[in-house]
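First residue of the sequence shown? That's 224 in this note's numbering, and the numbers climb one at a time after it. Yeah, the Cβ is synthetic: ideal placement off N, Cα and C, and Gly gets one too. Please read all numbers here as calculations on a predicted model, not as lab measurements. Take a look at the structure below.
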Amino acid sequence: MKDLYKTADWKAEKHVPVIDAPEKAAKDAPVEVSVTVGKEIAHPNTTGHFIAWIELYFHADGEPNPHFLGRYTFDAHGASGEGPDTSTIYAEPKVTVAFKTGKPGTLHAASYCNIHGLWASEAKLAVE
Ligand code: FE2
Numbered sequence: 224m225k226d227l228y229k230t231a232d233w234k235a236e237k238h239v240p241v242i243d244a245p246e247k248a249a250k251d252a253p254v255e256v257s258v259t260v261g262k263e264i265a266h267p268n269t270t271g272h273f274i275a276w277i278e279l280y281f282h283a284d285g286e287p288n289p290h291f292l293g294r295y296t297f298d299a300h301g302a303s304g305e306g307p308d309t310s311t312i313y314a315e316p317k318v319t320v321a322f323k324t325g326k327p328g329t330l331h332a333a334s335y336c337n338i339h340g341l342w343a344s345e346a347k348l349a350v351e
């Protein structure tokens with residue numbers, strides 16, 4: 224499965240989940256992390272081509288397994304309803320979450336494009 228996850232420079236590849244987190248978090252205080260797909264180059268967001276979800280994990284240094292922080296699904300892709308509602312919504316592939324940790328570690332993000340598959344990135348998080 225790990226071979227299915229692609230990585231690249233997020234400034235040149237629109238599918239890479241970009242993690243925005245502080246370099247240092249205060250110990251056991253909420254740290255806010257945002258993950259965006261298409262931060263530098265916008266990813267298409269149409270009914271036929273979209274980012275379906277982002278997952279975020281935190282792997283504390285020295286621990287055997289990562290913690291799963293969540294899966295954030297984007298379910299509105301412009302499909303029109305019938306009847307009087309003529310609005311059309313496209314969910315943007317961006318999420319902001321907060322969590323607490325007492326240990327430093329690595330954030331791992333994954334994203335899924337319905338046409339171009341699985342993408343991943345990581346970012347270090349220090350704790351003071
Ligand atoms: Fe795509």
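Taking the continuous beta strand (DSSP E) assigned at E305, which residues delimit it? Along the sequence shown, one-based indexing puts residue 305 at 82. From DSSP, E305 is part of no beta strand (DSSP E); its letter is neither H nor E.
Give me the residue from V350, S257, H331 with the minimum Cα distance to Y228. As a first step, residue 228 is located in the sequence shown; it is residue number 5 there, counting from the start. Proximity to Y228 across V350, S257, H331 peaks at H331, based on C-alpha coordinates.
Relative to the C-alpha of H282, which residue among P240, Y295, P327 is closest? Along the sequence shown, one-based indexing puts residue 282 at 59. Ranking P240, Y295, P327 by Cα distance to H282 puts P327 first.
Just to confirm before moving on: does the CB-CB distance between H266 and K234 stay below 7 Å? The residue labelled residue 266 in the question sits at position 43 within the sequence shown. The residue labelled residue 234 in the question sits at position 11 within the sequence shown. No, Cβ-Cβ distance for H266 and K234 is not below 7 Å.
Beta-carbon proximity check, A347 vs T329, cutoff 7 Å: On the sequence shown, residue 347 is found 124 positions in, with the first residue counted as 1. On the sequence shown, residue 329 is found 106 positions in, with the first residue counted as 1. First, the residue type needs correcting, since residue 347 is Lys and not Ala in the sequence shown. Yes, the pair counts as a contact, with Cβ atoms nearer than the cut-off.
Just to confirm, does I264 get its C-beta within under 6 Å of one of the non-hydrogen atoms of the ligand FE2? The residue labelled residue 264 in the question sits at position 41 within the sequence shown. Because no heavy atom of the ligand FE2 lies under 6 Å away, the Cβ of I264 does not count as near it: no.
Sequence ranges, beta strand (DSSP E) only - wholly within the stretch 236 to 279, length at least 3: Along the stretch 236 to 279, the beta strand (DSSP E) occurs as fully enclosed runs of 3 or more residues at 240 to 243, 254 to 260, listed in sequence order.
Three-pair Cβ contact test at 8 Å for the stretch 302 to 314 versus the stretch 238 to 248: No: fewer than three Cβ pairs fall under 8 Å.
Taking only the alpha-carbon atoms, compute the straight-line gap between H339 and I274 and give it to the nearest angstrom. As a first step, residue 339 must be located in the sequence shown, where it is residue number 116. As a first step, residue 274 must be located in the sequence shown, where it is residue number 51. If I take the Cα positions, the gap works out to 9 Å.
From this set, K323, H300, D232, T309, which residue's C-alpha is nearest N268's C-alpha? Here residue 268 is taken as the residue at index 45 of the sequence shown, counted from 1. Of the candidates K323, H300, D232, T309, the one whose C-alpha sits nearest the C-alpha of N268 is H300.
Output needed for V260: all residues of its chain with C-beta closer than 6 Å, excluding positions within five of it in sequence on either side, in chain order. Start at 1 with the first residue of the sequence shown, and residue 260 comes out as number 37. Same-chain partners within the cutoff: P240, H266, I274, P316, S334.
Is DSSP giving K323 helix, strand or coil here? For the purposes of this step, residue 323 is taken as the residue at position 100 of the sequence shown. Here K323 sits in coil by DSSP.
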